[in-house]
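Chains as they are written, first to last, in the numbering used here: chain W, 1 to 320; chain A, 321 to 613.
Structure record follows, encoded as structure tokens.
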Amino acid sequence: MTKSAYRNNLVLNAGVLLMLFVLQFVLPDYHVLMATRMMVLAVFALGFNALLGYIGLLSLGHAMFFAAGLYGAGLTVYHFGWSLPFAFGFAVLASAVVALVIGAVALRTIRVSFMIVTLMFAQVAYLMVIYFAEWTNGQEGLSLPMSARAVDLFGWTLDLSSAVTRYNLAFLLLALCLVLLFAYLASARGRVATAIRDNEGRTEMLGFNVFSGKLEMFVISGAMSGAAGAAYGLLFGYIGSTFASFQYSIEALLFTLLGGAGTLIGPLLGVLLMVAMIDKLSELTSAYLLVIGVVLIVVILWFPKGILGTVRERWAPWLL
Amino acid sequence: MALGPYLFLATLEGLVQAAVLCITAAGLSLVFGVMRVVNVAHGEFVMLGAVIAWFAASLVTGHPAIGFAVALVISPVIVGAIAFAGERLILKRLDYNPEATIVATIGLLYILQQTVLIVYGPDARPVDPPFYYTIRFPWFGYSSYKLFVIAAAIVIMGAIWFVLQKTRAGLIMRAAQFDRETAQAFGIPVDRVSAVVFAAGAGLAALAGVLVVPIQQAHYLMGADPLLLSFIVVIIGGLGSMSGTVVAAILIGLSDGILSVMFSPTLAKMVSTLLVALVLVFRPNGLFGKAER
Chain W
1 MTKSAYRNNL VLNAGVLLML FVLQFVLPDY HVLMATRMMV LAVFALGFNA
51 LLGYIGLLSL GHAMFFAAGL YGAGLTVYHF GWSLPFAFGF AVLASAVVAL
101 VIGAVALRTI RVSFMIVTLM FAQVAYLMVI YFAEWTNGQE GLSLPMSARA
151 VDLFGWTLDL SSAVTRYNLA FLLLALCLVL LFAYLASARG RVATAIRDNE
201 GRTEMLGFNV FSGKLEMFVI SGAMSGAAGA AYGLLFGYIG STFASFQYSI
251 EALLFTLLGG AGTLIGPLLG VLLMVAMIDK LSELTSAYLL VIGVVLIVVI
301 LWFPKGILGT VRERWAPWLL
Chain A
321 MALGPYLFLA TLEGLVQAAV LCITAAGLSL VFGVMRVVNV AHGEFVMLGA
371 VIAWFAASLV TGHPAIGFAV ALVISPVIVG AIAFAGERLI LKRLDYNPEA
421 TIVATIGLLY ILQQTVLIVY GPDARPVDPP FYYTIRFPWF GYSSYKLFVI
471 AAAIVIMGAI WFVLQKTRAG LIMRAAQFDR ETAQAFGIPV DRVSAVVFAA
521 GAGLAALAGV LVVPIQQAHY LMGADPLLLS FIVVIIGGLG SMSGTVVAAI
571 LIGLSDGILS VMFSPTLAKM VSTLLVALVL VFRPNGLFGK AER
């Protein structure tokens with residue numbers, strides 16, 4: 001990346017984050033809640049995009065990592081009464097470990113079989129949530145107890161029932177993930193990743209370890225998705241098996257494809273558009289998931305690069 | 321009930337499931353074999369078949385057998401036509417790129433499923449079997465309809481075999497499967513063959529849906545299980561291989577049936593899904609891998 005491209009991206013991402021921060025003072029209450037949800041889902045999409053956009057692996061099973069984080073945090077809080085920061089840390093670690101194990105196995109396959117294998121592993125994870133209903137309460141799920149709605153942090157008490165606190169926590173997580181991914185991509189390791197995406201054979205021939213590069217990105221992606229899941233469970237106080245279902249894997253794919261795979265802001269934009277669209281449509285009909293199908297097909301037929309991918313192609317080649 | 325008869329019952333249930341699975345998976349396998357397209361919407365074609373069977377049964381008055389017979393004919397035709405349209409409008413334009421078609425068929429899955437939710441509603445609705453006769457075994461009574469399903473599956477698989485091996489259309493399909501480009505060079509309209517095969521695969525799924533609906537009720541979310549199980553069958557049986565599909569369907573149907581009766585259906589699915597995922601990983605040059613070249 002050239003100096004000016006680096007600077008442009010830095011300015012763009014900082015600008016987007018600044019805008020998000022200011023937004024909470026402008027938006028009415030209901031929309032603050034929705035924006036909080038969007039930012040958490042954007043972290044999930046960002047994790048998915050790390051894999052699809054920057055190393056070129058399309059997983060159909062990312063709900064499994066989201067769920068690993070969700071249940072890793074939720075169950076330890078619910079059953080063992082762990083404090084929230086501790087549960088969150090554990091959940092991120094747990095999803096990273098799940099990603100390491102699944103990645104080590106699934107990355108032996110490529111392309112279509114990689115998609116099918118990740119789909120199947122995610123299905124196993126979903127069935128596990130249903131099967132261990134004694135712990136997870138299956139489809140009905142669990143509401144976290146009132147005691148888990150407040151965080152004690154260095155003498156401070158954060159009240160999670162306050163919309164402002166939740167918004168800023170979600171914002172912090174998104175900012176952190178965005179900065180981390182940006183730093184990683186700008187580093188030498190990140191350039192190996194994009195090299196693998198662009199030409200795997202040549203990267204291997206140049207002496208880089210392709211498998212470990214992929215695994216590294218897989219773990220980053222899984223941990224980020226897990227962090228999103230953990231945040232979702234803790235911020236909104238509910239965990240349920242829907243979050244482990246195929247639909248959540250597909251939503252991550254949809255957000256990323258719509259916004260533009262391989263762009264940092266793309267997934268955020270995709271989440272923004274899709275969640276708003278689904279929210280509006282769910283007021284009109286119970287069949288609001290129809291929009292998922294329509295958008296997937298429209299994007300894959302006419303905008304395979306997504307919104308920001310198209311913008312990059314036409315106007316802003318520096319976009320990361 | 322003693323263990324012997326219990327196991328017998330589980331085996332019968334397993335065979336019924338294997339029969340339906342055979343037909344569904346044959347459709348999926350045919351589509352992958354000829355077109356190299358992984359059709360994630362395949363389960364929705366089963367669901368559509370079942371839902372159309374319900375409409376047929378509720379519109380046709382008189383004996384349930386008449387409605388059932390009507391459904392057996394119109395369901396595959398309507399579903400086949402929908403699939404044909406989908407193939408022409410979407411898959412063909414993507415030039416059958418493997419990854420893009422998977423994403424597109426996921427989109428198709430949601431469109432079909434949610435459209436049925438709008439038109440048909442969220443309820444599970446039963447359809448009467450065409451006949452009610454119960455066969456009395458010494459230990460339990462068993463619905464003769466379920467045995468009819470097994471017989472029907474044998475007939476349908478026989479018909480598929482006949483078409484693929486003994487007719488000109490089958491020869492064309494096999495040629496397109498064996499080597500697309502050479503087939504094209506010999507004047508086979510591979511493009512049109514793809515559309516027909518996609519419709520035929522969907523038609524088979526719809527047929528399975530009609531057969532299963534008197535046992536299972538029609539519901540807009542019923543496509544998920546057949547999809548997963550036929551994926552498993554097709555992967556174990558070898559993609560595009562019909563005899564492999566039959567063997568794998570019987571194996572998976574039986575083991576799933578027996579494990580479901582003995583332990584829990586969820587556990588049975590978990591085990592088979594995990595095993596198949598591992599098969600797919602540790603045979604990277606078989607199945608999907610080979611098809612890639």
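Idealized CB from N, CA, C, for every residue including glycine.
Bear in mind that the values here come from a model prediction, so they are computed numbers and not experimental data.
query, result
"Three Cβ pairs or more, each shorter than 8 angstroms: is that satisfied between the region 114-124 of chain W and the region 585-596 of chain A?", "yes"
"Do W/Met115 and A/Ile422 have their C-beta atoms closer together than 8 angstroms?", "yes"
"Quick check on the burial criterion: 16 or more other C-beta atoms within 10 angstroms. Buried or exposed for W/Ser241?", "buried"
"Using alpha carbons as the reference points, say which of A/Leu332, A/Thr502, A/Ser514, A/Glu501 lies closest to A/Met493.", "A/Ser514"
"Under 9 angstroms, CB to CB, which of the residues in the region 217-229 of chain W have a partner in chain A?", "none"
"Looking only at its own chain, which residues have a Cβ that is under 6 angstroms from the Cβ of W/Leu281, when we skip the five neighbours before and after it?", "Tyr288, Val291"
"Determine whether the beta carbon atoms of W/Met39 and W/Phe182 lie at a separation below 8 angstroms.", "no"
"Within the 8 angstroms Cβ cut-off, does W/Ile307 reach chain A?", "no"
"Taking its Cβ as the centre, do 16 or more other Cβ atoms sit within 10 Å of A/His383, making it buried, or is it exposed?", "exposed"
"Taking the CB atoms as reference points, tell me whether W/Asn227 and W/Tyr54 lie closer together than 8 angstroms.", "According to the sequence provided, residue 227 of chain W is Ala. The question's Asn does not apply to it. No, the Cβ-Cβ distance between W/Ala227 and W/Tyr54 is not below 8 angstroms."
"Would you say W/Ala106 reaches chain A, if we count a Cβ-Cβ gap shorter than 8 angstroms as a contact?", "yes"
"Since W/Phe88 and W/Ala99 are thought to touch, with beta carbons under 8 angstroms apart, how far apart are those beta carbons, to the nearest angstrom?", "At roughly 17 angstroms, the Cβ-Cβ gap does not stay under 8 angstroms, so W/Phe88 and W/Ala99 are not in contact."
"Quick one: which residues of the region 284-316 of chain W get their C-beta closer than 9 angstroms to a C-beta of chain A? List them in chain order.", "Thr285, Ser286, Ala287, Tyr288, Leu289, Leu290, Val291, Ile292, Gly293, Val294, Val295, Leu296, Ile297, Val298, Val299, Ile300, Leu301, Pro304"
"Just to confirm my understanding: we take A/Leu524, look at its own chain, exclude 5 residues before and 5 after, and list those with CB closer than 8 angstroms. What are they?", "Ile343, Thr344, Ala346, Gly347, Leu350, Pro396, Ile476, Ile480"
"In three-state terms, what does DSSP make of A/Ala346?", "helix"
"Would you say W/Ile130 faces chain A, with C-beta separation under 8 angstroms as the test?", "yes"
"Give the single residue among W/Leu119, W/Arg149, W/Ser113, W/Leu75 whose Cα lies nearest to the Cα of W/Glu134.", "W/Leu75"
"Under a CB-based cut-off of 8 angstroms, is W/Phe182 close to chain A?", "no"
"Taking Cβ positions only, does A/Gln434 come closer than 8 angstroms to chain W?", "yes"
"I'd like to know whether the C-beta atoms of A/Leu437 and A/Tyr326 end up nearer to each other than 8 angstroms.", "no"
"Between A/Gly564 and the rest of its own chain, which residues show a CB-CB distance below 7 angstroms, the 5 nearest in sequence each way excluded?", "Gly557, Gly558"
"Closest to A/Ile431 by C-alpha separation, out of W/Gly306, W/Leu319, W/Ile297, W/Arg312, would be which residue?", "W/Ile297"
"Between which two residues does the alpha helix (DSSP H) harbouring A/Ser378 extend?", "362-379"
"Output, in chain order, the set of chain A residues within a Cβ distance shorter than 7 angstroms of W/Gln123.", "Leu548, Thr593"
"How about A/Thr586: is its C-beta nearer than 8 angstroms to some C-beta of chain W?", "yes"
"Could you check which residue in A/Ile552, A/Ala528, A/Val553 has the C-alpha nearest to that of A/Thr542?", "Before going on, a small fix: residue 542 of chain A reads as Met here, not Thr. If we check each option's Cα against that of A/Met542, A/Ala528 comes out closest."
"Give me, in chain order, the residues of the same chain whose beta-carbon lies closer than 6 angstroms to that of A/Ala538; leave out the 5 immediate sequence neighbours on both sides.", "Ala370, Val371, Trp374, Arg445"
"Per DSSP, what kind of secondary structure is W/Ala316 in: helix, strand or coil?", "coil"
"Can you check which of these residues, W/Leu269, W/Gly260, W/Gly293, W/Ile278, is closest to W/Arg312 by C-alpha distance?", "W/Gly260"
"By Cβ distance below 6 angstroms, which residues in the same chain neighbour A/Pro546 in space, the five residues on each side in sequence not counted?", "Thr344, Gly363, Val366"
"Compare the C-beta of A/Val366 against all C-beta atoms of chain W and say whether one is closer than 8 angstroms.", "no"
"Which residues in the same chain have their Cβ closer than 6 angstroms to the Cβ of W/Ser225, if we skip the five residues on either side of it in sequence?", "Phe44, Gly47, His62, Phe65, Phe66"
"Could you give the DSSP three-state label for A/Tyr465: helix, strand or coil?", "helix"
"Buried or exposed, going by whether 16 or more other CB atoms sit within 10 Å of the CB of W/Asp159?", "exposed"
"Could you tell me the boundaries of the beta strand (DSSP E) in which A/Ile535 lies?", "Careful: A/Ile535 lies outside any beta strand (DSSP E), inside the alpha helix (DSSP H) at 510-536."
"Using the Cβ count rule (16 or more neighbours within 10 Å means buried), how would you classify W/Thr2?", "exposed"
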